[in-house]
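Counting along the sequence shown from 1, when you hit position 60 you're at 60 in the UniProt record's numbering, and nothing is skipped either side.
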Amino acid sequence: MPRLTEAGPARGEHLMAPSPPADEETMALRIPVPGGTGPQNAPVRPPAASPAPSATGVTPGGRAARRKAAKRRGGRHGGARGTEAPPSAEPVAGRPQSRVEARRQAKLRKPGPAVFVSRAVGEVFITTGVLMLLFVTYQLWWTNVRAHAQAGSETHQLQDDWASGRRKPGVFEPGQGFAILHIPTLDVVAPIAEGVSNKKVLDKGMVGHYGGRSALRTAMPDARTGNFGLAAHRNTHGEPFRYINRLKAGDAVVVETQDTYFVYKVTSMLPVTPPSNTSVLDPVPPGSGFTGPGRYITLTTCTPEFTSRYRLIVWGKMVEERPRSKGKPDALIE
1 MPRLTEAGPA
11 RGEHLMAPSP
21 PADEETMALR
31 IPVPGGTGPQ
41 NAPVRPPAAS
51 PAPSATGVTP
61 GGRAARRKAA
71 KRRGGRHGGA
81 RGTEAPPSAE
91 PVAGRPQSRV
101 EARRQAKLRK
111 PGPAVFVSRA
121 VGEVFITTGV
131 LMLLFVTYQL
141 WWTNVRAHAQ
151 AGSETHQLQD
161 DWASGRRKPG
171 VFEPGQGFAI
181 LHIPTLDVVA
191 PIAEGVSNKK
201 VLDKGMVGHY
211 GGRSALRTAM
221 PDARTGNFGL
231 AAHRNTHGEP
241 FRYINRLKAG
251 DAVVVETQDT
261 YFVYKVTSML
271 PVTPPSNTSV
281 LDPVPPGSGF
291 TGPGRYITLT
301 TCTPEFTSRY
311 RLIVWGKMVE
321 ERPRSKGKPD
331 ALIE
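Laid out in structure tokens, this is it:
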């Protein structure tokens, strides 16, 4: 019985029939034309990739392809409008500048006259502020530090001289210390020197005695009658009289010398008076409440604080004269 066999391809024949020509507009499947030469299940070719735009920006192909490419790019004519970056005013990095560009950049970097003026004014204000701060620091702090050191040294020197007998009582030279002032209520201990010179006495933190070669000469503490006048700074330079405005009637003021303690009691105060009112140093000062000669003490200083426009006056009367051999008075022990 004859068997069915697969007929092999005849020699010289191709395995596949030639494909029909592709349509220009599409590569989709198509129904085979009856009577066509190609097989029904002929393989379909994949769609060709869209041609890349040329270097000139024109997409190759027909009008339809160009329209589609333009739509994909966002514009009809091959690109979105306004997307190009504006030309930069700055020179491109690495690109050498021309002389004109270099001069233009130098002018832009160079500050104008207004900048120089503002800088100069600012430097003047800063310098002035620093100098004022240094001056205030010197006046309020350093002068006190230095004056306290000088006054303390003079006090210790007086005590050493008295203990050794080197210091002899008598007439003292201007600026020479001869006694020590104690105000227990204010915790004041300061040396008393002859004269009221700022440079020689007051600026060194010492209390000055109106005497010596001064036109305003007052008595010494050991005089039988008279007014022992003293002056000192209220602010800066040790400021030993800063708080004498707090003294009250009955507060003690003690003057210590080589041989004697002289104890005074505060009696009255004159808060404000002109510097020209020298009558406060009279043997019997007017306005002090004293009615006759006696042994008085007068403390004078500037007022208000940090000014020298007026004077503050405190008066006292001697209540005890105590030899050093009997020890300290009660005012210095309490």
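Don't be surprised by glycine CBs; every beta carbon is placed ideally from N, CA and C.
Computed from a predicted model, the values in this text were never measured in an experiment.
task: Using alpha carbons as the reference points, say which of 314, 301, 205 and 251 lies closest to residue 152.
output: Position 152 of the sequence shown, counted from the first residue, corresponds to residue 152. Residue 152 has its Cα closest to that of 205, out of 314, 301, 205 and 251.
- prompt: How would you write the range of the beta strand (DSSP E) that residue 313 sits in, first residue to last?
  reply: Start at 1 with the first residue of the sequence shown, and residue 313 comes out as number 313. Run containing residue 313: 310 to 323, per the beta strand (DSSP E) assignment.
Neighbourhood of residue 196 by C-beta, 7 Å cutoff - its chain only, sequence neighbours within 5 removed: Locating residue 196 in the sequence shown gives position 196, counting from the first residue. The residues are 202, 208, 210, 214 and 231.
message: Report the start-end ranges of each beta strand (DSSP E) in the region 153 to 226 that is 3 residues or longer and not cut off at the edges.
response: 177 to 183, 188 to 194 and 207 to 209
message: Please state the DSSP three-state secondary structure of residue 253.
response: One-based indexing of the sequence shown puts residue 253 at position 253. Residue state, collapsed to three classes: strand.
query: For the alpha helix (DSSP H) that residue 121 lies in, which residues bound it at each end?
result: One-based indexing of the sequence shown puts residue 121 at position 121. Looking at the DSSP string, the run of the alpha helix (DSSP H) that includes residue 121 is 113 to 137.
- request: Could you spell out where the beta strand (DSSP E) holding residue 333 opens and where it closes?
  value: Indexing the sequence shown from 1 puts residue 333 at position 333. Careful: residue 333 lies outside any beta strand (DSSP E), inside the alpha helix (DSSP H) at 330 to 333.
- request: In angstroms with no decimal places, state the Cα-to-Cα distance between residue 260 and residue 324.
  value: In the sequence shown, counting from the first residue as 1, residue 260 sits at position 260. In the sequence shown, counting from the first residue as 1, residue 324 sits at position 324. In a straight line, the C-alpha of residue 260 is about 5 Å away from that of residue 324.
query: Secondary structure at residue 236, three-state DSSP: helix, strand or coil?
result: Your numbering for residue 236 matches position 236 in the sequence shown. In the structure shown, residue 236 sits in coil (DSSP, three-state: anything other than H, G, I, E or B).
- request: Compare the beta carbon distance of residue 335 and residue 175 with 8 Å and say whether it is the shorter of the two.
  value: This structure does not reach residue 335, given that the chain is present from 1 up to 334, and the question cannot be answered.
field: Check whether residue 221 and residue 254 have beta carbons under 8 Å apart
entry: Residue mapping note: residue 221 aligns to position 221 of the sequence shown, counting from 1. Residue mapping note: residue 254 aligns to position 254 of the sequence shown, counting from 1. Cβ distance not < 8 Å, so residue 221 and residue 254 don't count as in contact.
message: So, for residue 294: in the same chain, excluding its five sequence neighbours on each side, which residues have a beta-carbon less than 7 Å away from its beta-carbon?
response: Reading the sequence shown from its first residue, position 294 is the one you call residue 294. Listed in chain order, the non-local C-beta contacts of residue 294 below 7 Å within the same chain comprise 225 and 317, local neighbours out to five positions each way being set aside.
task: Just tell me which of 159, 227 and 333 has its CA closest to the CA of residue 288.
output: Position 288 of the sequence shown, counting from 1, holds the residue named residue 288. The alpha carbon of residue 288 has as its nearest neighbour, out of 159, 227 and 333, the alpha carbon of 227.
query: Around the Cβ of residue 137, are there at least 16 other Cβ atoms within 10 angstroms (buried) or fewer (exposed)?
result: Here residue 137 corresponds to residue number 137 of the sequence shown, with the count starting at 1. It counts as exposed.
task: Going by CA-CA distance only, name the one from 186, 154 and 291 that's closest to residue 246.
output: In the sequence shown, residue 246 corresponds to position 246, counting from 1. Of 186, 154 and 291, the residue nearest in Cα terms is 186.
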